[in-house]
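Heads up: the structure comes next, in structure tokens.
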Amino acid sequence: MSEQSGLTRRRLLQGGAGLLGAAAGASTLGGAWAWAAPPKQAQAIRDPFTLGIASGDPAPGGVVLWTRLAPEPGAPDGRGGMPNRQVAVQWEVAEDETFGRVAARGTALATPDLGHSVHAEVAGLRPGAEYFYRFRAGPELSPVGRTKTAPQVGSRLDAMTFAFTSCQSYTDGLYTAHARMAEEDLDLVVQLGDYIYEGPGGGGAFRTHEGSGEPTTLGGYRNRYAQYKGDPDLQASHATVPWVVVLDDHEIDNNWADEVPQDPSVQSREAFLARRAAALQAYYEHQPLRRTSLPRGIDMQLYRRLAFGDLLDLHVLDTRQYRSDQDQAARLDGTRTILGDEQEQWLKSAVAGPTARWNALAQQVFFSQRDFAGGPQQSFSNDAWDNYVGDRNGLRDHLVAARTSNPVVLTGDVHANYVCDVKADFDDPASATVATELVGTSMSTGGDGRDQNPADAIQLAENPHIKFINRNRGYVRNVVTASQWTADFRVVDAVRTPGAPVRTRASYVIENGRPGAQPA
Ligand SMILES: [Fe+2]
Numbered sequence: 279m280s281e282q283s284g285l286t287r288r289r290l291l292q293g294g295a296g297l298l299g300a301a302a303g304a305s306t307l308g309g310a311w312a313w314a315a316p317p318k319q320a321q322a323i324r325d326p327f328t329l330g331i332a333s334g335d336p337a338p339g340g341v342v343l344w345t346r347l348a349p350e351p352g353a354p355d356g357r358g359g360m361p362n363r364q365v366a367v368q369w370e371v372a373e374d375e376t377f378g379r380v381a382a383r384g385t386a387l388a389t390p391d392l393g394h395s396v397h398a399e400v401a402g403l404r405p406g407a408e409y410f411y412r413f414r415a416g417p418e419l420s421p422v423g424r425t426k427t428a429p430q431v432g433s434r435l436d437a438m439t440f441a442f443t444s445c446q447s448y449t450d451g452l453y454t455a456h457a458r459m460a461e462e463d464l465d466l467v468v469q470l471g472d473y474i475y476e477g478p479g480g481g482g483a484f485r486t487h488e489g490s491g492e493p494t495t496l497g498g499y500r501n502r503y504a505q506y507k508g509d510p511d512l513q514a515s516h517a518t519v520p521w522v523v524v525l526d527d528h529e530i531d532n533n534w535a536d537e538v539p540q541d542p543s544v545q546s547r548e549a550f551l552a553r554r555a556a557a558l559q560a561y562y563e564h565q566p567l568r569r570t571s572l573p574r575g576i577d578m579q580l581y582r583r584l585a586f587g588d589l590l591d592l593h594v595l596d597t598r599q600y601r602s603d604q605d606q607a608a609r610l611d612g613t614r615t616i617l618g619d620e621q622e623q624w625l626k627s628a629v630a631g632p633t634a635r636w637n638a639l640a641q642q643v644f645f646s647q648r649d650f651a652g653g654p655q656q657s658f659s660n661d662a663w664d665n666y667v668g669d670r671n672g673l674r675d676h677l678v679a680a681r682t683s684n685p686v687v688l689t690g691d692v693h694a695n696y697v698c699d700v701k702a703d704f705d706d707p708a709s710a711t712v713a714t715e716l717v718g719t720s721m722s723t724g725g726d727g728r729d730q731n732p733a734d735a736i737q738l739a740e741n742p743h744i745k746f747i748n749r750n751r752g753y754v755r756n757v758v759t760a761s762q763w764t765a766d767f768r769v770v771d772a773v774r775t776p777g778a779p780v781r782t783r784a785s786y787v788i789e790n791g792r793p794g795a796q797p798a
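All residue numbers for the sequence shown refer to my numbering, where the first residue is 279 and numbers rise by one.
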């Protein structure tokens, strides 16, 4: 990233007014918008870009541009204040933020059945290049966003910097770390789930959810997203860098598994499936996902691979839609699954190669063994790979057998930073380290956080392959080169008072060809 683009990013980020004020300022750009007059029907729309803009799923020379028209984001009917008809939305991509060098433009139809969301899949751009984008609906211009396409598959890429983030309960705290993340020099953000919370985050209410109770309908989920997406720090984070997203449980229901809700005595199977379909549609409507992820009923294709030159393959996994129900007593039962057979075969084939230098498995829940109980007793999480030991060990052994190049598992969910050695045998500390797991803390869930809990000493003692635990809020910044992967655990000390600065709590390095991370 050049110094010039660094300045550009700062200008984009001159506070909420700077970012959101871009629409007003854009009217002075005049001739850059060489489009025909918008349809008359659209001219009644006022300020439709209240939910911000985003880009995502970068491909070589392409990216998805997202927005959703919602002049009244919390409208009780879930329609965002939009009329029940389709609206033409024009998009424009340029090499410069004043749109003097336009690279592509087009029109997308925002339709009522998809909440007037826009998912423009732009292709034909330069690979590995920075671009700026904006939308127009009627006379209204959106803020200006920055994005970056992926390099050509297999082409030489010397370095890449990306962050991963998860667990952003709105009621638990501010998105200060999103503001700090937006100030980083990033090529990509990966969101590992719990983008919204259907219920309380668990840290005690700091802000309140709008609407009564947990959403179960499409309108209810739309309005939950609308509340989250109204946050200016989250908007800044989306507007400055492309995101790759995948959901976890709270986008639907805590700890759901395939067709089973958390508590079947509260929700019937039929009610849960209707809820799942509504929640998946709302997720699609609010994320920069490709058409291939458009939900079909209760199903949504989210596992996928994104390639970044010869440097990084990002295998995005879905550990929710296909998993067997949680069952502690059956955690060793090899017939149970967390990936489902189809995804497991796809992943095993993908990591068998040919691949890039680094293979990141971007997924939701804790992969490495984690015994919570002190002494000879053992106790494991119900909701993690420890509850699906057959799948976990099978994938781990496959990474070894297939000689997968530098596997790094990326994890969210547990609201804490961890660094783990993935062992050939987790019960034998002397066994080989065969992969690395980096676990990222929450953005806000749990409130302000702290360095560690007293019980973390037990976890560290019981699990020698766990090298680091920290419970501040933040995100993980990764600087990846051909020779090493550096993970910086970026934390803020408070999310319940605004403006906290970010600091690097710890840095760990993985060297090419040597699984396991060492303190930098
Ligand atoms: Fe969470």
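No residue lacks a Cβ here, since even glycine has one placed at the ideal position from N, Cα and C.
Taking 7 angstroms as the cut-off, decide whether the C-beta atoms of residue 494 and residue 582 are in contact. no
According to DSSP, what are the bridge partners of residue 645? Bridge partners of residue 645: none, in fact.
Do residue 487 and residue 449 count as a contact pair if the criterion is CB distance below 7 angstroms? yes
For residue 347, does the three-state DSSP call read helix, strand or coil? coil
Residue interval of the beta strand (DSSP E) (run including residue 580): Note, residue 580: premise wrong, no beta strand (DSSP E); not H, not E.
Which whole-angstrom value is the C-beta distance of residue 390 and residue 362, which I expect to be below 8 angstroms? 5 angstroms
Write down every uninterrupted run of the beta strand (DSSP E) in the segment 325-370 whose length is 3 residues or greater and which is fully enclosed by it, in chain order. 331-337 and 340-346
Count the other C-beta atoms from every protein chain shown that fall within 10 angstroms of the C-beta of residue 717, then say buried if there are 16 or more, exposed otherwise. buried
Apply the 10 Å Cβ neighbour rule to residue 674 and answer buried if 16 or more other Cβ atoms are within range, or exposed otherwise. buried
Proximity below 7 angstroms, CB of residue 328 to CB of residue 353: no
Cβ of residue 723 within 6 angstroms of any heavy atom in ligand 1? yes
Can you tell me where the alpha helix (DSSP H) with residue 786 in it begins and where it stops? Residue 786 -> not in any alpha helix (DSSP H); beta strand (DSSP E) instead, spanning 780-789.
Here's the rule: buried if 16 or more other CB atoms are within 10 angstroms of the residue's CB, otherwise exposed. What is residue 643? buried
Measure the alpha-carbon distance for residue 694 versus residue 779 and round it to whole angstroms. 19 angstroms
How would you write the range of the beta strand (DSSP E) that residue 604 sits in, first residue to last? Looking at the DSSP string, residue 604 is not in any beta strand (DSSP E), and its letter there is neither H nor E.
Any idea what DSSP makes of residue 510, helix, strand or coil? helix
Distance, residue 786 Cα to residue 792 Cα: 13 angstroms
Determine the direct distance from the alpha carbon of residue 636 to that of residue 794, and round the result to whole angstroms. 13 angstroms
Residue-level contact to chain D via CB, residue 668, 7 angstroms cutoff: Among the protein chains of the structure shown there is no chain D, as only one such chain exists.
With a threshold of 6 angstroms (Cβ to nearest heavy atom), would residue 472 be considered close to ligand 1? yes
Classify residue 623: buried if its beta carbon has 16 or more other beta carbons within 10 angstroms, exposed otherwise. exposed
Contacts around residue 285, its chain only, beta-carbon distance under 8 angstroms, and the 5 residues preceding and following it disregarded: Residue placement at residue 285 is flagged as unreliable, the pLDDT there being 38, under the threshold of 50; a coordinate-derived value is accordingly withheld.
At a cut-off of 6 angstroms, is residue 445 close to ligand 1 when judged by its beta-carbon and the heavy atoms of the ligand? yes
Taking the alpha-carbon of residue 572 as reference, which of 772, 584 and 555 has the nearest alpha-carbon? 555
Any contact between the segment 721-733 and the segment 460-479? By contact I mean 3 or more CB pairs, one from each, below 8 angstroms. yes
Determine, using beta carbons only, whether residue 442 and residue 754 come nearer to each other than 7 angstroms. yes
Which residue marks the beginning of the beta strand (DSSP E) containing residue 763, and which one marks its end? 762-770
Whole-angstrom Cβ separation of residue 686 and residue 788, contact assumed at under 8 angstroms? 7 angstroms
Does DSSP classify residue 705 as helix, strand or coil? coil
Kindly indicate which residue of 550, 514, 515 and 524 has the alpha-carbon position closest to the one of residue 531. 550
What residue does the alpha helix (DSSP H) around residue 624 start on, and which one ends it? 619-629
Using alpha carbons as the reference points, say which of 387, 466, 485 and 422 lies closest to residue 775. 485
Measuring only the C-alpha atoms, how far is residue 365 from residue 415? 8 angstroms
Measuring straight from C-alpha to C-alpha, what distance separates residue 676 and residue 626? 7 angstroms
Drop a sphere of 10 angstroms on the beta-carbon of residue 367, count the other beta-carbons inside from all chains shown, and report buried for 16 or more, exposed for fewer. buried
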